[in-house]
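> Let me give you the structure first, and then I'll get to my questions.
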Amino acid sequence: GLYEEKKDATAPGEGNPHVFFDVKHGDNMLGRIVMCIFADIVPKTAENFRALCTGEKGEGTLGKSLHYKGCTFHRVVKDFMIQGGDFISGDGTGGESIYGEMFD
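Position in the sequence shown (first residue = 1) + 3 = this note's numbering.
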(Lines of atoms letter the chains of each structure in order from A; the text may use other names.)
(Lines give C-alpha, C1' and ligand atoms only; values in the text may rest on other atoms or scores of the structure.)
Protein backbone atom coordinates (compact mmCIF):
# COMPACT_ATOMS: atom_id res chain seq x y z
CA GLY A 4 0.00 0.00 0.00
CA LEU A 5 0.83 3.67 -0.17
CA TYR A 6 2.20 3.95 3.37
CA GLU A 7 4.53 0.97 3.00
CA GLU A 8 5.90 2.20 -0.34
CA LYS A 9 6.50 5.79 0.80
CA LYS A 10 8.32 5.64 4.10
CA ASP A 11 7.85 9.39 4.81
CA ALA A 12 4.08 9.30 4.17
CA THR A 13 1.86 9.70 7.20
CA ALA A 14 -1.19 7.49 7.59
CA PRO A 15 -4.27 9.26 8.91
CA GLY A 16 -4.93 8.73 12.61
CA GLU A 17 -8.02 6.90 13.77
CA GLY A 18 -10.95 9.15 14.54
CA ASN A 19 -10.13 11.77 11.92
CA PRO A 20 -13.23 13.19 10.20
CA HIS A 21 -14.28 12.33 6.67
CA VAL A 22 -15.99 14.71 4.27
CA PHE A 23 -17.24 14.30 0.72
CA PHE A 24 -17.95 16.19 -2.49
CA ASP A 25 -20.76 15.01 -4.75
CA VAL A 26 -19.49 15.94 -8.22
CA LYS A 27 -21.80 16.84 -11.11
CA HIS A 28 -21.29 18.02 -14.66
CA GLY A 29 -24.44 19.91 -15.56
CA ASP A 30 -27.27 17.64 -14.37
CA ASN A 31 -25.13 14.49 -14.69
CA MET A 32 -23.93 13.06 -11.35
CA LEU A 33 -20.33 11.90 -11.84
CA GLY A 34 -19.69 10.45 -8.39
CA ARG A 35 -18.58 11.15 -4.85
CA ILE A 36 -15.08 12.07 -3.67
CA VAL A 37 -14.55 11.02 -0.03
CA MET A 38 -11.65 12.57 1.88
CA CYS A 39 -10.16 11.85 5.30
CA ILE A 40 -8.97 15.03 6.98
CA PHE A 41 -5.74 14.97 9.02
CA ALA A 42 -7.19 16.76 12.07
CA ASP A 43 -4.63 15.06 14.30
CA ILE A 44 -1.77 16.71 12.36
CA VAL A 45 -3.18 20.09 11.20
CA PRO A 46 -6.24 20.71 13.40
CA LYS A 47 -6.93 24.33 12.41
CA THR A 48 -6.62 23.68 8.67
CA ALA A 49 -8.65 20.49 8.98
CA GLU A 50 -11.45 22.26 10.85
CA ASN A 51 -11.52 25.02 8.23
CA PHE A 52 -11.84 22.48 5.39
CA ARG A 53 -14.43 20.39 7.26
CA ALA A 54 -16.59 23.45 8.05
CA LEU A 55 -16.35 24.70 4.45
CA CYS A 56 -17.58 21.28 3.31
CA THR A 57 -20.62 21.39 5.62
CA GLY A 58 -21.38 25.10 5.27
CA GLU A 59 -22.26 25.27 8.96
CA LYS A 60 -20.53 28.64 9.58
CA GLY A 61 -22.93 30.68 7.44
CA GLU A 62 -21.74 33.88 5.80
CA GLY A 63 -18.15 35.13 5.87
CA THR A 64 -16.71 38.61 6.28
CA LEU A 65 -16.75 39.10 2.49
CA GLY A 66 -20.52 38.57 2.34
CA LYS A 67 -20.41 35.14 0.70
CA SER A 68 -21.59 31.83 2.14
CA LEU A 69 -18.71 29.84 3.62
CA HIS A 70 -19.17 26.57 1.76
CA TYR A 71 -17.98 24.66 -1.27
CA LYS A 72 -21.47 23.68 -2.49
CA GLY A 73 -21.85 24.71 -6.12
CA CYS A 74 -18.16 25.53 -6.56
CA THR A 75 -16.55 24.69 -9.86
CA PHE A 76 -13.21 23.04 -10.49
CA HIS A 77 -11.36 25.98 -12.00
CA ARG A 78 -8.34 23.89 -13.00
CA VAL A 79 -8.34 20.32 -14.30
CA VAL A 80 -5.16 18.52 -15.38
CA LYS A 81 -6.11 15.22 -17.00
CA ASP A 82 -4.82 12.12 -15.20
CA PHE A 83 -3.26 14.29 -12.49
CA MET A 84 -5.37 16.68 -10.41
CA ILE A 85 -8.29 19.02 -9.98
CA GLN A 86 -8.41 22.36 -8.18
CA GLY A 87 -11.49 24.13 -6.92
CA GLY A 88 -13.11 25.65 -3.89
CA ASP A 89 -12.89 29.33 -4.79
CA PHE A 90 -16.40 30.33 -3.69
CA ILE A 91 -15.50 34.04 -3.91
CA SER A 92 -14.27 34.51 -7.52
CA GLY A 93 -14.59 31.01 -8.99
CA ASP A 94 -11.17 31.13 -10.66
CA GLY A 95 -8.66 30.30 -7.91
CA THR A 96 -7.83 33.90 -7.01
CA GLY A 97 -10.36 34.31 -4.19
CA GLY A 98 -11.21 32.59 -0.98
CA GLU A 99 -11.93 32.98 2.68
CA SER A 100 -11.51 30.74 5.68
CA ILE A 101 -13.86 30.29 8.62
CA TYR A 102 -11.29 32.34 10.55
CA GLY A 103 -11.41 35.32 8.15
CA GLU A 104 -9.58 36.00 4.91
CA MET A 105 -6.38 34.24 6.02
CA PHE A 106 -5.07 32.27 8.98
CA ASP A 107 -1.77 30.82 10.22
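Backbone N, C-alpha and C fix where the C-beta goes; we use that ideal spot for every residue, glycine too.
Report all residues from its chain with a CB closer than 7 Å to the CB of Ile36; omit the five preceding and five following residues, and keep chain order.
Same-chain partners within the cutoff: Phe23, Phe24 and Val26.
> Alpha carbon to alpha carbon, how far is Thr75 from Met84? Give it in angstroms, no decimals.
Met84 and Thr75: Cα-Cα distance of roughly 14 Å.
> Which residue's Cα is closest to the Cα of His28: Gly73, Gly88 and Arg53?
Looking at the Cα atoms, Gly73 is the closest of the given residues.
> With H, G and I counted as helix, E and B as strand and the rest as coil, what does DSSP make of Glu62?
Strand.
> Closest to Phe106 by CA distance: which of Gly61, Thr48, Lys81 and Thr57 is it?
Closest by alpha carbon: Thr48.
> Distance check for His21 and Arg53, CA to CA, integer angstroms please.
In a straight line, the C-alpha of Arg53 is about 8 Å away from that of His21.
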